[in-house]
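Protein chains in written order, with my numbering: chain A, 161 to 452; chain B, 17 to 181.
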């Protein structure tokens, strides 16, 4: 036992770095800020068994809810996004926190239902994958697993409603994917990226601009890294945006292009979003109705 | 207790026990930067999932569990760091031969497989009780006792005291 005591002394002698205190304080402040930011969402937990049945229910519930809302006489149509349902699983090392958005108030019910069913389906898939992985991990002797989904209304003007959904998967490290839907409220249609342009030439115009912009940002700020010049030949150099790259339209009619975590940059950069100057794409736009 | 008070309590506990949390993280990753990262991430995780802490009596074991899991996740992802700290380097130097044996044991503990290493660290370095370790590991106390004996056998330490619950 004396040897154990000596070993303990070595453990106790692990030097405490002078930075520790400030790291701890900063982390607490940061966590507090995130906590406050998330606070307005009402959260409730439900059992695992109940969650499965609620999923089925919500598909039926959301059109009904939408219907009842639209039957209330209001001046003009109020299109809004609400949290229809939240699923939480907290089992030791397994955590799921899914927040499902629902669009209400669109007169175009087909579009509304299509969007809402998609949001429910996305989360249902996440939930089912999570359950599968959780069972597999439990069988394998345990592990850590987390999944979270949330959404954010990025633009909400008279004309445009843009909703971004985020999925965060945690197995050791975490990956984040983001998808955005942009709706023309007046004409009640879903805007896609290709639908804004005359032809495919926008892909190259935007990609060329982005590569320049990434290089510029890296030159000006050593904290920033994008995978544009593949020196290490890691094999995922950014070459071009996908035709249906995640995009959004800002309140002042600018196009933004987003990339998932790890898509064009190391994980610490997170999800990255670029605003595209309109002159870069002006000649390719069908009109400047959405983008100015 | 209001939610605000709960946050305050957990935050204060973290601040008061920051050295313990750091040492625990360091015992896994053996490197200052990574240990600081783990402390930071553990604080985020703890304060984010504060709702999962139902009884404040479990605060200590709950927080230990978060730090341990974060550390093990890190090792799983990055592999074991073979950083040569001064401590380890000195242990290879001939003039330090008299202390070498102790370093051997410390090193041997470090090379134990999970969950044996964590159990030894918690029991003998952190002086936790068996039932506290059981809570952290989410096992019953008998399992922990069995594992603790097995770990000591692996380390070939002659037991001079009984494992106390």
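Just so you know, even glycine gets a beta-carbon here, dropped at the ideal spot from N, CA and C.
### Cross-chain neighbours of residue 255 (chain A) in chain B, by beta carbon under 9 angstroms
Simply 65, 68.
### Task
To the nearest angstrom, report how far apart residue 265 (chain A) and residue 273 (chain A) are at their CA atoms.
11 angstroms
### Message
Can you check whether the C-beta of residue 2 (chain B) is within less than 7 angstroms of a C-beta belonging to chain A?
### Response
Because chain B here runs from 17 to 181, residue 2 (chain B) falls outside it and cannot be looked at.
### Message
Please return the same chain residues whose Cβ sits closer than 7 angstroms to the Cβ of residue 149 (chain B), not counting the five positions on each side in sequence.
### Response
135, 138, 139, 160
### Message
Give me the DSSP bridge partner(s) of residue 305 (chain A).
### Response
A:254
### Task
May I ask which residues mark the beginning and end of the alpha helix (DSSP H) holding residue 137 (chain B)?
Premise fails: residue 137 (chain B) is in no alpha helix (DSSP H) and is neither H nor E.
### Task
Tell whether a beta-carbon distance below 7 angstroms holds between residue 312 (chain A) and residue 324 (chain A).
yes
### Task
Pull out every residue of the stretch 179 to 190 of chain A whose Cβ sits closer than 9 angstroms to any Cβ of chain B, in chain order.
179, 180, 181, 183, 184, 185, 186, 187, 188, 190
### Residues that residue 30 (chain B) contacts on chain A, provided the C-beta gap is smaller than 8 angstroms
184, 188
### Message
Can you tell me whether residue 177 (chain A) is helix, strand or coil according to DSSP?
### Response
In the structure shown, residue 177 (chain A) falls within a coil segment according to DSSP collapsed to helix, strand and coil.
### Task
Grab the span of the alpha helix (DSSP H) containing residue 299 (chain A) for me, first residue to last.
269 to 299
### Task
Assign residue 240 (chain A) to one of three DSSP states: helix, strand, or coil.
strand
### Assigned secondary structure, residue 169 (chain A) (DSSP; H/G/I helix, E/B strand, else coil)
helix
### Message
Just to confirm, is the Cβ distance from residue 58 (chain B) to residue 86 (chain B) under 7 angstroms?
### Response
yes
### Message
Just to check my reading of the structure: residue 425 (chain A) and residue 368 (chain A) have Cβ atoms closer than 8 angstroms, yes? What is that Cβ distance to the nearest angstrom?
### Response
Contact flag wrong, Cβ pair sits at about 18 angstroms.
### Task
Run down chain A in chain order and give the residues with a C-beta less than 8 angstroms from the C-beta of residue 125 (chain B).
167
### Beta-carbon gap between residue 309 (chain A) and residue 286 (chain A) smaller than 7 angstroms
For residue 309 (chain A) and residue 286 (chain A), yes; Cβs fall inside 7 angstroms.
#### Entry: Boundaries of the alpha helix (DSSP H) in which residue 408 (chain A) is found, first to last residue
Note, residue 408 (chain A): premise wrong, no alpha helix (DSSP H); beta strand (DSSP E) at 407 to 409.
### Query
Does the pairing of the stretch 180 to 187 of chain A with the stretch 42 to 59 of chain B give three or more beta-carbon distances under 8 angstroms?
yes
### Message
To the nearest angstrom, how far is the alpha carbon of residue 63 (chain B) from that of residue 422 (chain A)?
### Response
The alpha-carbon atoms of residue 63 (chain B) and residue 422 (chain A) are separated by roughly 26 angstroms.
### Query
Excluding the five sequence neighbours on either side, which residues of its own chain have a C-beta within less than 8 angstroms of the C-beta of residue 90 (chain B), listed in chain order?
Excluding residues within five positions, the ones whose Cβ falls inside 8 angstroms are 44, 45, 50, 53, 54.
### Task
Measure the beta-carbon distance from residue 294 (chain A) to residue 431 (chain A) and round it to whole angstroms, keeping in mind my assumption that it falls under 8 angstroms.
So it is not a contact: roughly 25 angstroms between Cβ atoms.
### Query
In chain A, which residues lie less than 9 angstroms from residue 43 (chain B) when you measure between Cβ atoms?
171, 174
### Task
Please report the residue range of the alpha helix (DSSP H) in which residue 40 (chain B) lies.
Here the alpha helix (DSSP H) through residue 40 (chain B) covers 34 to 45.
### Query
Are residue 444 (chain A) and residue 326 (chain A) closer than 7 angstroms when you measure CB to CB?
no
### Task
Using a Cβ cut-off of 9 angstroms, pull out every chain B residue sitting near residue 250 (chain A), in sequence order please.
65, 67, 68
### Task
Would you mind working out which of B:32, B:36, B:24, B:20 sits nearest residue 143 (chain B), comparing C-alpha positions?
B:36
### Query
Among residues of its own chain, excluding the 5 on either side of residue 83 (chain B), which ones have a beta-carbon nearer than 6 angstroms to its beta-carbon?
37, 40, 41, 58
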